[in-house]
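J.: If you read the protein sequences in the order shown, they are chains B and D. Be aware that the first sequence starts at 1, since it is given in our numbering, and climbs by one per residue. Be aware that the second sequence starts at 1001, since it is given in our numbering, and climbs by one per residue. Heads up, the beta-carbon is just placed ideally off N, CA and C, and yes, glycines get one too.
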Amino acid sequence: DENLKEAPATQPYNLSEYFKQFLFPQNECELHNFRLSFSQLKWDKWIIAPHRYSPQYCKGDCPRVVGHRYGSPVHTMVQNLIYEKLDSSVPKPSCVPAEYSPLSVLTIEPDGSIVYKEYEDMIATKCTCR
Amino acid sequence: PHSRGRAASDRTSGFLVAPEDNASELNPLLQLPKGVRRGYALLPPLLKVLSDRGPQNWESEVPRLQPDSRALRYMKRLYKMSATKEGIPKANKSHLYNTVRLFTPCSECKHRHRDLMKGDVHSVDLLFNLDRVTALEYLLKSVLLYSFDTSVPVSPSLTCTCHLSVKEQDSSGQVCPSIPHSIAFSLHLEVKKRKWVEIDVTSFLQPLIATKRRNIHMGVNFTCLMGDPQQNTKLENPVNVAPVPPSLLLYLNDTSEQAYHRWNSLRHIRKNPRRPRQRNGLRVDPTGDIGKEPSQGKRASRQRR
């Protein structure tokens, strides 16, 4: 009885919320959507296509045991250990893009010629902790 | 997480070289003074503005001349064939190019008609300025692009003869028709409304573009007759279809770090579908043949297998 009295009165339906914090840490490192149009940047006079561009970005905390989940090298866990145990001025591992996809752009050059170009690494497609 | 960034900044000049920097690209002795931000000055316009060196710098990149509307329509059509609506390049194995440049002839060229017995021969002097082609862009194919704006009703089938000659410029910059390298094309075309006609001039212009010639000056004689020799219909009175001066289309393989090299990723996905793609230093031969893997690469892939 004593234990029960001390235990916080939790409604039965909160239990799933309560356990979730252990299973999926809050705002874990993951890919986020971001969409821009070149007219917002006033570049649509010379960038003809595409009209909209979604570069995406990575944001969130890197859990302590990153392992296979992010394809992180062992160094990431070592860095995390240094931050926690030895020297907190060493930064925690960061949530960064691991893979990208290209983007095709149609632009008008200053001399009036027109160029179609495919640029590498313009859209983040996967995140990792490093 | 690639170390590529360092490699790119170490790379010798190869990106777009703004005209004033041309000299330093052409003559290594005229290297940019250390203080000048070399990496920035050599970036293509899009990457230049993304490096956000303040609006005054990239204002100069905003086009001063508006392109020809027909040329713009053609390039938008090429874009739709090459990329999705979101701008992702289509995985099209046949297209090796990652850059296509369209040049319209400089405005001062004259359009001359000469009446001959056989009717009008349209001849025109074309001067193309190729300053925007960078040192790391290799020619895969070049095409003269004619757009027939047939507002006047013409016979459905035409047989046209096009005679090209390249004119050297003498040291004083005057156009003097030296013994022109010339080539004649005879092509039969079904002219529908707003017809594009592409004339492949790759072998013809390759020597000039390979030597990074900045200006290409050529004369084009164009004669169209009605009828179709294959159907041995009699070719009769010439048709006064005044083709608009053609544009020059260059299909290029940009070998710089920032450009997308589909065969590297295609090759890589085939070999290691699971491992995340990493950049290898493989140099792609400009003619599109994929360079041989270094021998140790073969041994490593054999071990992996």
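Please list, in chain order, the chain D residues whose beta carbon lies closer than 8 Å to that of B:S113.
T.: Numbered from its first residue, the first sequence carries residue 113 of chain B at position 113. Going along chain D in sequence order, the residues near B:S113 (Cβ under 8 Å) are P1067, R1101, L1102, F1103, T1104, R1132.
J.: Answer with yes or no whether the minimum CB distance from D:N1253 to chain B is below 8 Å.
T.: The sequence position of residue 1253 of chain D within the second sequence is 253, counting from 1. Not closer than 8 Å to any Cβ of chain B, the Cβ of D:N1253 fails to qualify, so no.
J.: According to the neighbour-count rule (16 or more other Cβ atoms, all chains shown, within 10 Å of its Cβ), is B:A49 buried or exposed?
T.: Locating residue 49 of chain B in the first sequence gives position 49, where the first residue counts as 1. By the 10 Å Cβ count, B:A49 comes out buried.
J.: Quick one, which of B:N33, B:I114, B:R52 has its alpha-carbon nearest B:K42's?
T.: The residue labelled residue 42 of chain B in the question sits at position 42 within the first sequence. Comparing Cα-Cα distances from B:K42 to each of B:N33, B:I114, B:R52, the minimum goes to B:R52.
J.: Within 10 angstroms of its Cβ, does D:E1066 collect 16 or more other Cβ (buried), or is it exposed?
T.: Here the question's residue 1066 of chain D lines up with position 66 in the second sequence. Glu is not the amino acid found at residue 1066 of chain D; the sequence shown has Gln there. Exposed, since its Cβ has fewer than 16 Cβ neighbours within 10 Å.
J.: Determine the chain B residues that contact D:A1071 at a beta-carbon separation under 7 Å, and present them in chain order.
T.: Taking the first residue of the second sequence as position 1, residue 1071 of chain D is located at position 71. Near D:A1071 (Cβ distances below 7 Å), the residues of chain B are I114.
J.: Are B:I47 and B:F38 touching if we call contact CB-CB under 8 Å?
T.: For the purposes of this step, residue 47 of chain B is taken as the residue at position 47 of the first sequence. For the purposes of this step, residue 38 of chain B is taken as the residue at position 38 of the first sequence. Result yes, Cβ atoms of B:I47 and B:F38 sit closer than 8 Å.
J.: Check each residue of the region 1077-1098 of chain D: if its Cβ is closer than 9 Å to any Cβ of chain B, include it; give the result in chain order.
T.: L1078, Y1079, K1080, S1082, A1083, T1084, K1085, E1086, G1087, I1088, P1089, K1090, Y1097, N1098
J.: Check the Cβ-Cβ distances between B:I48 and every residue of chain D, and say whether any is below 8 Å.
T.: Taking the first sequence and counting its residues from 1, the one referred to as residue 48 of chain B is at position 48. Closer than 8 Å: yes.
J.: I want to see whether chain B comes within less than 8 Å of D:N1129, judged by CB atoms only; does it?
T.: For the purposes of this step, residue 1129 of chain D is taken as the residue at position 129 of the second sequence. Yes - at least one Cβ of chain B is within 8 Å of the one on D:N1129.
J.: Pull up the distance between the alpha-carbon of B:Q131 and that of B:S54, whole angstroms please.
T.: This structure cannot settle anything about residue 131 of chain B, because the visible part of chain B is limited to 1 through 130.
J.: Considering B:N80, what are the terminal residues of the beta strand (DSSP E) in which it resides?
T.: As a working note, residue 80 of chain B is residue 80 in the first sequence. No beta strand (DSSP E) holds B:N80; the alpha helix (DSSP H) holding it covers 74-81.
J.: Evaluate contact between the region 1066-1082 of chain D and the region 80-88 of chain B, counting only Cβ atoms and requiring at least three cross-stretch pairs below 8 Å.
T.: no
J.: Could you compute how far the alpha carbon of D:L1126 sits from the alpha carbon of B:E120?
T.: In the second sequence, residue 1126 of chain D corresponds to position 126, counting from 1. In the first sequence, residue 120 of chain B corresponds to position 120, counting from 1. Taking the straight line from one Cα to the other gives about 34 Å.
J.: I'd like to know whether the C-beta atoms of B:P102 and B:Q79 end up nearer to each other than 8 Å.
T.: By one-based count along the first sequence, residue 102 of chain B stands at place 102. By one-based count along the first sequence, residue 79 of chain B stands at place 79. No, they are not a contact pair.
J.: In the structure shown, what three-state DSSP assignment does D:Y1251 receive?
T.: Walking along the second sequence from the start, residue 1251 of chain D turns up at place 251. Looking at D:Y1251 - three-state DSSP - the assignment turns out to be strand.
J.: Please identify the residue among D:S1256, D:C1106, D:F1222 whose C-alpha is closest to the C-alpha of D:L1248.
T.: On the second sequence, residue 1248 of chain D is found 248 positions in, with the first residue counted as 1. That would be D:C1106, whose Cα lies nearest to the Cα of D:L1248.
J.: Decide if B:A98 is buried, meaning its Cβ has at least 16 other Cβ atoms within 10 Å, or exposed.
T.: Taking the first sequence and counting its residues from 1, one reaches residue 98 of chain B at position 98. For B:A98, the number of other beta carbons within 10 angstroms of its own is at least 16, and it is reported as buried.
J.: Quick one: Cα of D:R1220 to Cα of D:L1136, how far?
T.: Residue mapping note: residue 1220 of chain D aligns to position 220 of the second sequence, counting from 1. Residue mapping note: residue 1136 of chain D aligns to position 136 of the second sequence, counting from 1. The sequence shown places Val at residue 1220 of chain D, rather than the Arg named in the question. Rounded to the nearest angstrom, the two C-alpha atoms are 29 Å apart.
J.: Just confirm the distance between the C-beta atoms of B:G60 and B:E28, as a whole number of angstroms; I'd bet it's less than 8 Å.
T.: Residue numbering aside, residue 60 of chain B sits at position 60 when the first sequence is read from its first letter. Residue numbering aside, residue 28 of chain B sits at position 28 when the first sequence is read from its first letter. Right, their Cβ atoms sit about 5 Å apart.
J.: From the beta carbon of B:P102, is the nearest beta carbon of chain D less than 8 Å away?
T.: Taking the first residue of the first sequence as position 1, residue 102 of chain B is located at position 102. By this cut-off, B:P102 is an interface position.
J.: Among B:N14, B:K45, B:I114, which residue has its Cα nearest to the Cα of D:F1103?
T.: Along the second sequence, one-based indexing puts residue 1103 of chain D at 103. B:I114 is the residue among B:N14, B:K45, B:I114 whose C-alpha sits nearest the C-alpha of D:F1103.
J.: Mapping DSSP to helix, strand and coil, what is B:E99?
T.: Position 99 of the first sequence holds residue 99 of chain B. Reduced to three states, the DSSP call for B:E99 is strand.
J.: In terms of DSSP beta bridges, what is B:C129 paired with?
T.: On the first sequence, position 129 is the one that residue 129 of chain B refers to. B:C95.
J.: Quick one: is D:K1085 buried, meaning 16 or more other Cβ sit within 10 Å of its Cβ, or exposed?
T.: The count along the second sequence starts at 1 and reaches residue 1085 of chain D at position 85. Under this definition D:K1085 is an exposed residue.
J.: Give the residues of chain B in contact with D:Q1258, contact being defined as C-beta atoms less than 7 Å apart.
T.: For the purposes of this step, residue 1258 of chain D is taken as the residue at position 258 of the second sequence. Near D:Q1258 (Cβ distances below 7 Å), the residues of chain B are Y119, E120.
J.: Check the DSSP bridge columns for D:D1125 and list the partner residues they point to.
T.: For the purposes of this step, residue 1125 of chain D is taken as the residue at position 125 of the second sequence. In the DSSP assignment, D:D1125 forms a beta bridge with D:G1219.
J.: For D:V1166, tell me which candidate among D:R1213, D:L1225, D:Q1258 has the shortest Cα-Cα distance.
T.: Sequence index remark: in the second sequence, residue 1166 of chain D carries index 166 (1-based). Looking at the Cα atoms, D:R1213 is the closest of the given residues.
J.: Helix or strand or just coil, what does DSSP make of B:Y18?
T.: Taking the first sequence and counting its residues from 1, one reaches residue 18 of chain B at position 18. Of the three classes helix, strand and coil, the one that applies to B:Y18 here is helix, per DSSP.
J.: Taking buried to mean at least 16 other C-beta atoms within 10 Å of its own C-beta, is B:N14 buried or exposed?
T.: Counting from one through the first sequence, the residue named residue 14 of chain B turns up at place 14. Exposed, since its Cβ has fewer than 16 Cβ neighbours within 10 Å.
J.: Report, in whole angstroms, the separation of the C-beta atoms of B:E118 and D:N1098, which I expect to be a contact under 8 Å.
T.: Counting from 1 along the first sequence, the entry for residue 118 of chain B is found at position 118. Counting from 1 along the second sequence, the entry for residue 1098 of chain D is found at position 98. That pair is a contact at about 4 Å.
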